[in-house]
Structures are given as structure tokens and as C-alpha cells.
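**Q** Numbering (the numbering used here), first residue to last: 183 to 392.
I am attaching a structure below and will ask some questions about it afterwards.
This is the structure:
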């Protein structure tokens, strides 16, 4: 999930869910009105989401009630145009998640200027009539997503924030057509670093066909 606020009056919301069985469920809206009274509760047609920073850098909660699209081909995310009109089955989705910091943040220097916070993530993910109980991990990213970096965990429970290794195995994808029509590929991957296997998300720039 990604939420980027443009203080000119609009926000960009993106969410990708991989519920298993090779399925990809996508939601993107880059024209969500920013609440007039401040706060982080956003509403748009077919979308309600709220992000509450209960303690900065320590605890975050996320709620979502929306309609998303289950696509047959993840690359359809790049064919829907700037209005993100994906081809596929429209279905309701929901998130009720809390993220709590469990390790020291990682700073990405330079132009990225982002902070990645390792978190335990608990709650529920809803896809149509399916409910998934979550007790796992995630990264709370404040700032621009670093391109070509792993954000994950290894099999020993260690947190991994590093450059992309030469050999990774893609498990699933949740691409999005970014601002200005730039294709962005977000992949869930398996990797091995220092002899230890692990899983991570990685973001890279994609390539449009034709």
C-alpha cells in the first residue's frame, strides 16, 4: 500500500494484494481529494482509507474499504491509462492493519531521502468473501521508495534492506502506472543473501511494450 499526498489538493493511493493462487488484485487512484480539515482520512468514489500515526515512527494503523480489480495479467496495470481502468473482475477489498516498529530504522541517503522502519504487522485483509488473518512483517516507508532495493526478511528473522542481488525469484507482482505514465514494477521475491534465503518486496521501473 502506498499513499502520497500532494499539498496542491490531491493524493495518490495505490494498493496491491496477492491473495494466493497466482492472483493479483490492484487498486490505484491518483486523484483522491485531500481532506479539507487535514487528517489522513481519504474518500473517493469506490474508496475509503484512513491512516493513523498513533506514535510517530513507532505505531501506525491502516483502514481500507474499497473496490479493486483482480487482473489476469499484472501488466494490465500499465494498460489502464492514467485513470487506472484495469481489465478484470471488480471486487470489494478491505484492510484493518496495525504496524509496530520492532527494530531500528534504515536511512536511505542521497536523492531518495527515505526512512524504512521494520514492523510487525497484525490485523485482517479482506478480498471479496475471503478473510485473511495477518501476523507477519512489513516495512513502514517514509519518503520516496528506493528503486532497485530489497526490503525484506531472511529465514533467520533478520531484516534486509540492500541493493538487489543478481539472482532473485519473482513470486508475485503488483505493478502500477505511476505519475506521468511511468510504469513501476513492484515484485514480491525470494532471494538468498550471505547464504540465508528470504523474502522481500522490490520496486523497479518497468518497460512498456510497443
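Every residue gets a Cβ at the ideal spot worked out from N, C-alpha and C, and that includes glycine.
Would you call the region 274–281 and the region 253–265 in contact, with 3 or more CB pairs under 8 Å?
**A** No, because fewer than three Cβ pairs between the region 274–281 and the region 253–265 fall closer than 8 Å, the two stretches do not touch.
**Q** List the DSSP bridge partners of residue 233.
**A** As a working mapping, residue 233 is identified with position 51 in the chain shown. Paired residues: 244.
**Q** With three or more C-beta pairs closer than 8 Å as the rule, is the region 321–338 touching the region 213–225?
**A** With the cut-off at 8 Å, the region 213–225 and the region 321–338 do not touch.
**Q** Mind checking residue 284: buried by the 16 CB within 10 Å criterion, or exposed?
**A** Translated into positions along the chain shown, residue 284 becomes position 102. Burial call: exposed.
**Q** From the DSSP secondary-structure annotation, give me the bridge partner or partners of residue 331.
**A** Residue numbering aside, residue 331 sits at position 149 when the chain shown is read from its first letter. DSSP, once it has assigned bridges, lists 345 as partnering residue 331.
**Q** In its own chain, which residues sit with a C-beta less than 7 Å from the C-beta of residue 208, not counting the 5 before and 5 after it?
**A** For this step, residue 208 is matched to residue 26 along the chain shown. Cβ within range, chain order: 198, 250, 251, 253, 259, 268 and 356.
**Q** What is the C-beta distance between residue 369 and residue 358, in whole angstroms, given that I count them as a contact (C-beta under 8 Å)?
**A** Taking the first residue of the chain shown as 1, we reach residue 369 at position 187. Taking the first residue of the chain shown as 1, we reach residue 358 at position 176. 12 Å between Cβ atoms; not a contact.
**Q** Report the start-end ranges of each alpha helix (DSSP H) in the region 183–224 that is 4 residues or longer and not cut off at the edges.
**A** The region 183–224 contains no whole alpha helix (DSSP H) run of 4 or more residues.
**Q** Hey, quick one: how far does the beta strand (DSSP E) through residue 300 stretch, first residue to last?
**A** Here residue 300 is taken as the residue at index 118 of the chain shown, counted from 1. 296–309 is the span of the beta strand (DSSP E), which, as asked, contains residue 300.
**Q** Hey, could you find the ends of the beta strand (DSSP E) residue 277 is sitting in?
**A** Counting from one through the chain shown, the residue named residue 277 turns up at place 95. Looking at the DSSP string, the run of the beta strand (DSSP E) that includes residue 277 is 271–283.
**Q** Grouping DSSP H, G and I as helix and E and B as strand, with all else coil, what is residue 363?
**A** Against the chain shown, residue 363 aligns to sequence position 181. Three-state result, residue 363: helix.
**Q** According to the Cβ coordinates, are residue 337 and residue 321 closer than 7 Å?
**A** Taking the chain shown and counting its residues from 1, the one referred to as residue 337 is at position 155. Taking the chain shown and counting its residues from 1, the one referred to as residue 321 is at position 139. No, they are not a contact pair.
**Q** Could you check what DSSP says for residue 256 in three-state terms: helix, strand or coil?
**A** Against the chain shown, residue 256 aligns to sequence position 74. Three-state DSSP puts residue 256 in a helix.
**Q** Please classify residue 380: does DSSP put it in a helix, a strand, or coil?
**A** Position 198 of the chain shown, counted from the start, is the residue given in the question as residue 380. Residue state, collapsed to three classes: strand.
**Q** Return the Cβ separation of residue 334 and residue 316 in integer angstroms, given the expectation that the two are a contact with Cβ distance under 8 Å.
**A** Indexing the chain shown from 1 puts residue 334 at position 152. Indexing the chain shown from 1 puts residue 316 at position 134. Not really, about 16 Å apart at Cβ, beyond 8 Å.
**Q** Under 6 Å from any heavy atom of the ligand SAM, does the C-beta of residue 226 make it?
**A** This structure simply doesn't include the ligand SAM, nor any ligand for that matter.
**Q** Can you check which of these residues, 192, 188, 211 and 242, is closest to residue 398 by C-alpha distance?
**A** Nothing in the structure corresponds to residue 398, since the chain is present only between 183 and 392.
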